[in-house]
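Scroll down for the structure; my scribbles are underneath it.
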C-alpha cells in the first residue's frame, strides 16, 4: 500500500478545495496593450494555457490564485496581516494568533469544522535553537527512535548538500509523473492601487525554481521536494483533489508562515524554494561549525509517553544536516496527535522522502 504523505504537524492541512465567490466582476488590464479582459477571460487563460495565475497587489500581498483546473481563491488582508481566504462553495479559513501560535479556523457553510495551529517560527528565526529548562535532561548520547527511525542522524550531510541530485528536466518529469499541481507553470499578475490588474511579465516553473535553489545554495532538490510535501502536501496535491489547500501554494515550504503571523514579504511562491534552500544552507553551515554530538531542544521541550515509548523534549544530534533540519523544524513528531497517532515533525519528512526516493 502506498503511503499518502501529506502535512500533519507544522503547517496547515485542508479538507476542502477553495475557490473564489461567484460572478465575473472586475476587469484585468493588460499592461502591454491596455486591453481590458474580464476575470472570466483570465480564468480561461489559466485553463487554456495550463498555468497557475497569482495576483499580487503593489505591496506584494497575494490577492488571488487561479489554477488551470478551475480552482479560484481569494485572500483578505487587514493591513499587513492575512486574516482569511474564501471560496465559492461555502468554504472559508480565518487566520489569527492565540497563545503565541498561528491558528486557522476552517468553516464550511458558516459552520466551524476544524481548528489547527502551526509552529513554524524556527524556520525563519536567527541564531541558535531555543533553549529551555529541561525537566528530564539527557546525560548520555542515546538513540532517539521514532517508529524504527533513528532521529539523531536521520539525514546525512551528503544527502542534504548534494547539489547535483536532479536537473531541471528530471524535476519536471517527477512533477508530471506525480500529476502535481506544481507541474503547471506559474504566471504572475499585479493589481495597481485602482484595482486594475495587469500582466507582470513574470512566468516561472516549480522545476526551474527548485533546480535554481539546488544550484545556488547547494541543497538537494530531492530534499526540497520532500520538504514541499511535508510542509504543504503540494507534490501530491492533485488538480481538483479534495484535500488541496489554497494557502499552501503561497507558503509551499512554510517560508513566511510563523507563530507571529504571516510575513507576506517571504510568502511569494517564487521566493519559497530559494528562501528554504538559503535557510537550510545557513543552518547547515551553523551546524558544521559545531562539535557533535550536540543536544537540541525539540517538541517544545516537552517529554511525552505513548504506548510505552518515551518521546523526549531533547535530542542528541550527530551531524550538521540533522542539526539544520531540526533548526528548520524543531519537532521529532507532532505531539498534539498523541494518543491518536504518531506522525508529523521530521518523522513526516522521512516518510515523504522515502515515499519519493
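Residue numbers (mature numbering (1 follows the signal peptide of the UniProt record, and there is no 0)): -20 to -1, 1 to 337. Backbone N, C-alpha and C define an ideal beta-carbon position, used for all residues, glycine too. Keep in mind the model is a prediction, meaning the values are calculated, not measured.
In this structure, does DSSP put residue 213 in helix, strand or coil? coil
Complete alpha helix (DSSP H) runs within the stretch 138 to 191 (minimum length 4 residues, chain order): 148 to 157
Would you kindly report the start and end of the unbroken alpha helix (DSSP H) that includes residue 29? 19 to 29
Quick one: give me the first and last residue of the beta strand (DSSP E) that residue 62 is part of. 61 to 66
Rounding to the nearest angstrom, what Cα-Cα distance links residue 205 and residue 71 in this structure? If you draw a straight line from the Cα of residue 205 to the Cα of residue 71, it is about 28 Å long.
Should residue 194 go down as buried or exposed, given a rule of 16 or more other Cβ atoms within 10 Å for buried? buried
Distance, residue 75 Cα to residue 95 Cα: 10 Å
For residue 279, is the classification buried or exposed, using 16 other Cβ atoms within 10 angstroms of its Cβ as the cut-off for buried? buried
Hey, would you say residue 151 sits closer than 8 Å to residue 253, going by beta carbons? Residue 253 is positioned such that its CB atom lies no closer than 8 Å to that of residue 151.
Three-way DSSP call (helix, strand, coil) for residue 306 in this model: Three-state DSSP puts residue 306 in a helix.
Compute the Euclidean distance between the alpha carbons of residue 84 and residue 181, then round it to the nearest angstrom. 33 Å
Apart from the five residues just before and just after residue 318, which ones in its own chain have a Cβ nearer than 7 Å to its Cβ? In the same chain as residue 318, and ignoring 5 residues on each side of it, the C-beta atoms closer than 7 Å to its own belong to 284 and 286, in chain order.
Residue 45 and residue 340 - do their beta-carbons sit closer together than 8 Å? Since the first residue shown for the chain is -20 and the last is 337, residue 340 is missing from the structure and cannot be characterised.
DSSP-derived helix/strand/coil call for residue 314: Reduced to three states, the DSSP call for residue 314 is coil.
Look at the Cβ atom of residue 297, then the Cβ atom of residue 322, and state whether they are nearer than 8 Å. no
Residues near residue 32 by beta carbon distance below 8 Å, same chain, minus five either side: Within the same chain, and ignoring the five residues on either side of residue 32 in sequence, the residues whose Cβ sits closer than 8 Å to its Cβ are 26, 45, 46, 47, 48, 161, 164, 165, 166, 167 and 229.
With 16 as the cutoff for other CB atoms within 10 Å, does residue 145 come out buried or exposed? Label assigned to residue 145: buried.
With H, G and I counted as helix, E and B as strand and the rest as coil, what does DSSP make of residue 120? coil
Beta carbon of residue 139, beta carbon of residue 203: below 8 Å? yes
Taking C-beta to C-beta, are residue 131 and residue 312 nearer than 8 Å? yes
is_contact[residue 137, chain B] using C-beta, thresh 8 Å: Chain labels in this structure do not include chain B; a single protein chain is all it has.
Cβ separation of residue 302 and residue 135, assumed to be a contact under 8 Å, to the nearest whole Å: 6 Å
Sorted by chain position, which residues of the same chain lie with C-beta nearer than 6 Å to residue 137's C-beta, five sequence neighbours on each side aside? 299, 300 and 301
Three-state secondary structure assigned by DSSP to residue 283: coil
Hey, residue 78 and residue 57: beta-carbon distance below 8 Å or not? no
DSSP state of residue 42, grouped into three classes? Residue 42 sits in a strand when the DSSP states are folded into three classes.
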